[in-house]
Amino acid sequence: MPSNAVYISPENVPVGAPPPTQPKPARPISVGSEPLLSASLIPTISPLLAKLKEDYREEYRRMGRPIQRTDAAEELKNAFELAERSCPGIADELLAGILTKLCSLKFNEGDIKRAMDKIKRPV
Numbered sequence: 001m002p003s004n005a006v007y008i009s010p011e012n013v014p015v016g017a018p019p020p021t022q023p024k025p026a027r028p029i030s031v032g033s034e035p036l037l038s039a040s041l042i043p044t045i046s047p048l049l050a051k052l053k054e055d056y057r058e059e060y061r062r063m064g065r066p067i068q069r070t071d072a073a074e075e076l077k078n079a080f081e082l083a084e085r086s087c088p089g090i091a092d093e094l095l096a097g098i099l100t101k102l103c104s105l106k107f108n109e110g111d112i113k114r115a116m117d118k119i120k121r122p123v
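Residue numbers (the UniProt record's numbering): 1 to 123.
Okay, here's the thing in structure tokens:
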């Protein structure tokens, strides 16, 4: 039995209660003095937000609108970075949740895990 496993006697579980589940292992929040950030933030989320900002900038230029309205994409990027500093790994969890929600009808758990691994790899 793993060191963090807890044995729950069957007679201590109320009738009709869902079976007990193993708690998720604690996620390391730092390596040395550096927080453990999501692997998907730099190779995936940041470039997508930079492209979104540039796409908006081009669209606003083409339409003759003020370019400062493209600040929303930069604010979103800053929000992701701030969230990662306060809760390392949250971007990976968000992307995993999005993939699971979008792909749950077509793909199995292994396919979704492979997609997450691909998202975390630098291009």
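Just so you know, even glycine gets a beta-carbon here, dropped at the ideal spot from N, CA and C.
Predicted model, so just to flag it, every value in this text is computed and none were measured.
Using only the alpha-carbon positions, how far apart do K120 and A83 sit? 17 Å
Please indicate yes or no: does the CB of T100 lie closer than 8 Å to some heavy atom of the ligand ADP? Among the ligands in the structure shown, none appear at all, so the ligand ADP cannot be discussed.
L37 lies in the alpha helix (DSSP H); which residues open and close that run? Looking at the DSSP string, L37 is not in any alpha helix (DSSP H), and its letter there is neither H nor E.
Taking the Cβ atom as the reference point for each residue, do K77 and L105 lie within a distance shorter than 9 Å? no
Using 8 Å as the threshold, is the stretch 48-66 in touch with the stretch 88-99, meaning 3 or more CB pairs across them? no
Among the residues of its own chain, which have a CB less than 6 Å from the CB of E75, if the five just before and after it don't count? none
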